[in-house]
Amino acid sequence: MTKTAEQQRAEAKVLYDAYMAACPTREVFATIADKWAGLLVNALADGPRRHSELRRRIAGASQKMLTQTLRALERDGLVKRTVTASVPVRVDYELTPLGRSLAPLLGALKTWAETNIEHIMAARDAYEPQPR
1 MTKTAEQQRA EAKVLYDAYM AACPTREVFA TIADKWAGLL VNALADGPRR HSELRRRIAG
61 ASQKMLTQTL RALERDGLVK RTVTASVPVR VDYELTPLGR SLAPLLGALK TWAETNIEHI
121 MAARDAYEPQ PR
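Take the UniProt record's numbering: the last position of the sequence shown gets the number 132, and nothing is skipped along the way.
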């Protein structure tokens, strides 16, 4: 009996375990654990934004890096890209329902990092080899 792709995915879903080398969830971890992806999801949590707005909001991110990251997020169904015909063409990015479900988690991570950065920096300083 031939199984449909949906049936195969349903069976595989039971086997998803990020600790296993072949698990596709590892690719998701790689995408959302990227600093630019986390910052973009957080920036888009407030609503749709244009590429130029995102670039101004996220200091230090190059146009190329933002574009690559937005494409990865779009590929994974987290971001929707909308092109509006005008002169010049307008392109907006916004979170999909799936992306909106991720936003609170990455928002909490951002808040945690901002709250605890002094502890982390102190730990790094203490870890550095001391001069002899």
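Ideal Cβ placement from N, Cα and C applies to all residues, glycine included.
Name the DSSP beta bridge partners of E94, please?
Paired residues: K80.
List in chain order: all unbroken beta strand (DSSP E) runs of 3+ residues lying wholly within the UniProt domain "HTH hxlR-type" (23-121).
Counting only runs of 3 or more, we get 79-84, 90-95.
Same chain, Cβ closer than 8 Å to R50, neighbours up to 5 away in sequence not counted
Once the five neighbours on either side are set aside, the close Cβ partners of R50 are R90, V91, D92, Y93.
If you draw a straight line from the C-alpha of T2 to the C-alpha of R75, how long is it?
Whole-angstrom Cα-Cα distance: 28 Å.
Should I120 be labelled buried (16 or more other beta-carbon atoms within 10 Å of its own) or exposed?
Its Cβ having fewer than 16 others within 10 Å, I120 is exposed.
Are there three or more Cβ pairs, one per stretch, closer than 8 Å when the segment 37-55 is compared with the segment 17-25?
No: fewer than three Cβ pairs fall under 8 Å.
Cβ contact (3+ pairs, closer than 8 Å) linking the segment 27-41 and the segment 59-78
Flag = yes, the segment 27-41 and the segment 59-78 touch.
Evaluate A59 with the Cβ neighbour count: other Cβ atoms within 10 Å of its Cβ, from every protein chain shown; 16 or more gives buried, anything less gives exposed.
A59 is exposed by the Cβ-count criterion.
Rounded C-alpha distance that separates G77 from Y127:
Their backbone Cα atoms lie some 40 Å apart in a straight line.
Do you know how far the Cα of V28 is from the Cα of A113?
Approximately 21 Å, taken between the alpha carbons.
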